[in-house]
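Okay, so here's the structure we're looking at.
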Amino acid sequence: MKWSDLDQDPCPVARAMSVVGDRWTLLILREAFLGTLRFDGFQDRLGITRHLLAERLKKLEALGLMHRTPYQERPLRHEYRLTPTGRAFGPVMLLLVDWATENLPSDLPPPVRVVSLEDGREVDPVVVDRATGTPLTYETMRLRRT
């Protein structure tokens, strides 16, 4: 399987990797979820080169995860906002944060936490079966080839 063909693969994991399968894209999405909107903000927070950032933002825009809107005309500058498709990636980002916090411990406190918008308390994300409410873990489910 060629990396350039992943977006056409019938496997949903392969197709997802064609979108978020490099570290810069995931970190750009993290920053977007943390409220970063402007090109310079992404660059300052990530330390990414302008060229790579512009390339990744264009890709995220072309794939429908982000859209840009002008906030200044001279010179023309844009804000980058998550689309509904981009926001739908939110639970994946929350679970990635939770997984890394639990399984890849650091001596430093985590720079991000998963908190409730309602009351600001820290939450413990869990994936459940929509039909039964059963928590989905390695002990309760498996991927199966079709």
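Mapped onto full-length UniProt numbering, the consecutive letters of the sequence shown carry residue numbers 1 to 146. We put the CB at the ideal spot given by N, CA and C, even for glycine.
Item to check | Inter-residue spacing [alpha-carbon to alpha-carbon] between Gly-69 and Glu-79 | outcome: Going by the sequence as given, residue 69 is Thr instead of Gly. The straight-line gap from Cα to Cα measures roughly 5 Å.
Checklist entry - Near residue 152, what residues of its chain come up, given a Cβ to Cβ distance below 6 Å and the 5 sequence neighbours on each side ignored? => result Outside the shown range of the chain, which is 1 to 146, sits residue 152, and nothing can be said about it.
Checklist entry - Between Leu-82 and Ala-32, which are expected to be in contact by the criterion C-beta below 8 Å, what is the C-beta distance as a whole number of angstroms? => result 5 Å
Checklist entry - Counting pairs of Cβ atoms below 8 Å between the segment 121-138 and the segment 92-111, do you hit three or more? => result yes
Checklist entry - When we look at the beta-carbon of Gly-47 and count the other beta-carbons within 10 Å, is it buried (16 or more) or exposed? => result exposed
Checklist entry - Given a threshold of 16 other Cβ atoms within 10 Å of its Cβ, counted over all protein chains shown, does Leu-76 qualify as buried or as exposed? => result exposed
Checklist entry - What are the boundary residues of the alpha helix (DSSP H) that includes Leu-57? => result 50-62
Item to check | Whole runs of the beta strand (DSSP E) within the UniProt domain "HTH hxlR-type" (11-108), excluding any shorter than 3 residues | outcome: 66-72, 77-82
Next on the checklist: Taking its Cβ as the centre, do 16 or more other Cβ atoms sit within 10 Å of Leu-136, making it buried, or is it exposed?
Outcome noted: exposed
Next on the checklist: Can you find the residues in the same chain that come closer than 7 Å, C-beta to C-beta, to Arg-50, ignoring five residues on each side of it along the sequence?
Outcome noted: Gln-43
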